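In what follows, a single structure is set out as structure tokens and then discussed.
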Amino acid sequence: MTPKPLIQLSGVDKYYGDYHALRGIDLTINEGEFFSLLGPSGCGKTTLLRTIAGFEGVSGGTLMIDGKNMAGVSPNLRPTNMVFQSYAIFPHLSVAENVAFGLRKDPRSKEEKAKAVAEALEMVGLGGYGNRAAHALSGGQRQRVALARALILKPKVLLLDEPLSALDKKMRELMQVELIRLQRQVGITFILVTHDQEEALVMSDRIAVMFEGEIGQLDDPETLYRRPNSKRVAEFIGKMNFLDGTATAEGNRIAVDVAGLGKGDIAADQAPGGMPLGKVTVGIRPETLAIVFEGETTDRRICDAVVDEVVYYGDMTYYDVKVPGVDKPLTISMKNMIGRPVLDVGALTRVAWDERSLVVLAA
Amino acid sequence: MAEGFFKTDRGRAVLLVSPPFLYAFFLLAVPLGAIILFSFWTQDFVTVNTTFTTANYQEFWDKPIYKLLLGRSLYVSGMVTLVTVLSAYPIAYFVSFHVHPTKKSMWLFLITIPFWTSYLIRVFLWKVILGYNGVVNSSLMELGIIHEPLTFILYNVNAVIITLAHAFAPFAILPIFVALEKIDRSFLEASQDLGESKFSTFLRITLPLSMPGLVASVMIVFIPTIGDYVTPELMGGAGGKLIANMIQTQFLQLNNAPMGATLAIIAMVCVTAISLFFIFLNRRWLRGRA
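If you read the sequences in order, they're chains A and B. Under our numbering, the residue at position 273 of the first sequence is numbered 273, and the numbers go up by one with no gaps. Just add 1000 to wherever you are in the second sequence, counting from 1, and you've got our numbering.
In structure tokens, the structure reads:
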């Protein structure tokens, strides 16, 4: 099935006075997709979401939803519904009245509407909560009410503005899974705004990483993590070691000389930001490096190192190791297993690496 | 022993609560008790007959003038409340929703400007504005809109309502403003997102959520206007006298303190009944508010 475009932005600009909040955004979001806008605070991701919802007008460019130009269409007339960061549960109404809020103009009978409300509450796991007062709800329950209130209207797009940021860690992880399940169940396009890269990676079909009003990279989570196209994307998503290097072209492959590690031969797709030559930055994820413990063998490339710092996480241990020829220590994450000791600071060890896990980025 | 007592927790509590208690007792409870007591006594020319009797209440019931004045007082207070609150709401709404946050305190400051002059002077100023040769009449005549001065704007109930409504405007604006300020702006966006226009959002979100402020305004305006006698005295003319003027007349001119006390008690009971109704209304709106 080919994806059907639902939301199309072309050259969307947004100014607040002199401040350029969105800089020529081109973006297509497909039907039934779980799409995330990810970025540091102030990158314009919330502005972009509010532009789609209709709370902010565009200063330039066009926004189409379901083939219709949204210029001048107010939020109440758009096929979008939003879950607000604060949830915006109306305090003077009961849970059921909150969920039924958008059904005022619905031609269905009172009984049918009550049934729809009960079903919506059931769907978000709040069956039987209809008569509760809104102020008596916990944070997680408020969010479920906000979801039910938006989804009962069967919007084409559900917009979620940092919906999990107010919840504690356990609740957040639970709601992540529930949101994915809910999205599969209703098949509605979800657009999630978040500054939490892990949340975006876990939940999304595709992620747009935004910096300063622009989209830095737009890809599926795996590509984004394994093949970031710039240093700032690589830094923002997960942890990445950066090493200096020199790249020279060899046919359609690149030969890189990485400081401290040595020479490597890499494929073109390991330079997702284009083929930079000369001075480059080489990125390598902590989990693709490995400590070679006493008595272990490896067929990967090896270099000597000294343990500089040890951070024990229970299931994992993070090592910072110094490699000759590199100023900054390299971070390595190792799974803790039976028979594998936790090294001490100052221990001499060996580090295994693989040229296939290198990412070559512009310096 | 006494010194020891004031060192205990109980003693310290007594010490702390004493000044407000004494204040409330001597300045509120004792006068109120005296008024209630007086209302069951009668006046014998220069002396007060202290035999317990409900004759004053009987007199109130029998003479139509008292009921007429009380009815007119309730009508005037009701109208003043209506006019004041209805005109205060848009002002409070404007300041809360359309004035830039950094300028709000300046606006509130400006709203209090009428309070810088004494109440009496403001009443006299309204006389100048509404009078036979006053600002309104002479302007309208100069403009050729009317040929004779309007007479229905001074020395009657309308003049009393206009003057009191102006005097109490800031009292009505502030509680409504506070209630509007407390409304989370995301509620309004959520309502629009759920399909409501700006106007229906006002009816379904803003108005119900500002109801506590509205009810507070109603009570703040209604309760003191029932007891006001300066404005009706100066602005009301013969047909604009209210129950408070009668109370004053009974106490001072007619030297009939027991009857004055009776009227005061009856007016107070009316106000209490109406206030309780509004408090009940407020409870209903406060229900479910965190």
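Using N, Cα and C, we set each Cβ at its ideal position, and we do this for glycine too. Small disclaimer: the values here were computed from a predicted structure and weren't measured.
Given that a residue counts as buried once 16 or more other Cβ atoms are within 10 Å of its Cβ, and exposed if not, what is residue i?
i                : result
M240 of chain A  : buried
W1061 of chain B : exposed
L121 of chain A  : buried
T317 of chain A  : buried
D26 of chain A   : exposed
R356 of chain A  : exposed
N1255 of chain B : exposed
L1203 of chain B : exposed
V1271 of chain B : buried
W1116 of chain B : exposed
K1103 of chain B : exposed
V1080 of chain B : buried
L126 of chain A  : buried
I1274 of chain B : buried
I1121 of chain B : exposed
V183 of chain A  : Val is not the amino acid found at residue 183 of chain A; the sequence shown has Gln there. Buried: at least 16 other Cβ atoms inside 10 Å.
R149 of chain A  : buried
K45 of chain A   : buried
I1065 of chain B : exposed
N229 of chain A  : buried
P221 of chain A  : buried
L1252 of chain B : exposed
N98 of chain A   : buried
Y19 of chain A   : exposed
E199 of chain A  : buried
A1088 of chain B : buried
Given a cut-off of 8 Å on the beta-carbon distance, is the pair residue i and residue j in contact?
i                : j                : result
M123 of chain A  : Q143 of chain A  : no
V329 of chain A  : K322 of chain A  : The sequence given here places Pro at residue 329 of chain A; Val does not occur at that position. Yes; because the gap between Cβ atoms is below 8 Å, this pair is in contact.
L1214 of chain B : V1085 of chain B : yes
S94 of chain A   : T194 of chain A  : no
R23 of chain A   : A53 of chain A   : no
M82 of chain A   : D1184 of chain B : no
A118 of chain A  : G102 of chain A  : no
K14 of chain A   : T80 of chain A   : no
R1072 of chain B : L1242 of chain B : yes
I1247 of chain B : G1236 of chain B : no
Q185 of chain A  : I237 of chain A  : no
D304 of chain A  : P286 of chain A  : no
A363 of chain A  : V280 of chain A  : yes
V342 of chain A  : L289 of chain A  : no
D106 of chain A  : K115 of chain A  : no
A136 of chain A  : Y87 of chain A   : no
F1038 of chain B : A1257 of chain B : yes
I284 of chain A  : I266 of chain A  : no
Q85 of chain A   : E178 of chain A  : no
P1175 of chain B : S1217 of chain B : yes
A96 of chain A   : G139 of chain A  : no
Tell me, which residues are paired with residue i by DSSP?
i                : result
Y318 of chain A  : A:V311, A:S333
L218 of chain A  : A:A208
K170 of chain A  : DSSP lists no partner for K170 of chain A.
E250 of chain A  : A:R253
Y19 of chain A   : A:Y16
K328 of chain A  : DSSP, once it has assigned bridges, lists no residue as partnering K328 of chain A.
S36 of chain A   : A:L192, A:I207
D344 of chain A  : According to DSSP, D344 of chain A bridges with nothing at all.
M64 of chain A   : A:Q8, A:N69
L361 of chain A  : A:T281
F28 of chain A   : Checking the sequence shown, residue 28 of chain A turns out to be Thr, not Phe. According to DSSP, T28 of chain A bridges with A:Q8.
K1043 of chain B : Here residue 1043 of chain B turns out to be Gln, not Lys, going by the sequence shown. DSSP output for Q1043 of chain B lists B:V1048 as bridge partner(s).
G264 of chain A  : A:V256
Residue i and residue j look like a contact to me (Cβ under 8 Å); what is the Cβ gap, rounded to whole Å?
i                : j                : result
G216 of chain A  : V202 of chain A  : G216 of chain A to V202 of chain A, Cβ: 20 Å. No contact.
Y1155 of chain B : G1227 of chain B : 21 Å between Cβ atoms; not a contact.
T51 of chain A   : L63 of chain A   : 7 Å
L358 of chain A  : V256 of chain A  : 7 Å
L1070 of chain B : I1266 of chain B : 7 Å
T1112 of chain B : P1170 of chain B : 6 Å
A1034 of chain B : T1042 of chain B : Wrong, their Cβ atoms sit about 15 Å apart, outside the cutoff.
When you compare the CB of residue i with every CB in chain C, is at least one pair closer than 8 Å?
i              : result
P75 of chain A : Reference to chain C is not applicable here, since the protein chains of this structure are A and B.
Checklist entry - Hey, is the stretch 1110-1126 of chain B in contact with the stretch 1159-1177 of chain B, meaning 3+ C-beta pairs nearer than 8 Å? => result Under the 8 Å Cβ criterion, the stretch 1110-1126 of chain B counts as touching the stretch 1159-1177 of chain B, having at least three qualifying pairs.
Next on the checklist: Does the contact criterion of 3 or more C-beta pairs under 8 Å hold for the stretch 266-281 of chain A versus the stretch 337-352 of chain A?
Outcome noted: No, because fewer than three Cβ pairs between the stretch 266-281 of chain A and the stretch 337-352 of chain A fall closer than 8 Å, the two stretches do not touch.
Item to check | Cβ pair count under 8 Å reaching 3, the stretch 1102-1117 of chain B against the stretch 1139-1152 of chain B | outcome: By the Cβ rule, the stretch 1102-1117 of chain B does not count as touching the stretch 1139-1152 of chain B, because fewer than three pairs are nearer than 8 Å.
Next on the checklist: Could you check whether the stretch 1128-1137 of chain B touches the stretch 1070-1089 of chain B, counting it as contact only if at least three pairs of C-beta atoms, one from each stretch, sit closer than 8 Å?
Outcome noted: No, the stretch 1128-1137 of chain B does not touch the stretch 1070-1089 of chain B.
Checklist entry - Three or more C-beta pairs closer than 8 Å, one from the stretch 297-305 of chain A and one from the stretch 1014-1034 of chain B: is that the case here? => result Taking 8 Å as the limit for Cβ pairs, the verdict is that the stretch 1014-1034 of chain B does not touch the stretch 297-305 of chain A.
Next on the checklist: Below 8 Å, how does it come out for the stretch 1-17 of chain A and the stretch 30-46 of chain A: are there three or more Cβ pairs, yes or no?
Outcome noted: Because the criterion of three Cβ pairs below 8 Å is met, the stretch 1-17 of chain A and the stretch 30-46 of chain A touch.
Checklist entry - Are three or more beta carbon pairs between the stretch 219-234 of chain A and the stretch 57-70 of chain A nearer than 8 Å? => result By the Cβ test, the stretch 219-234 of chain A is not in contact with the stretch 57-70 of chain A, since fewer than three Cβ pairs between them sit closer than 8 Å.
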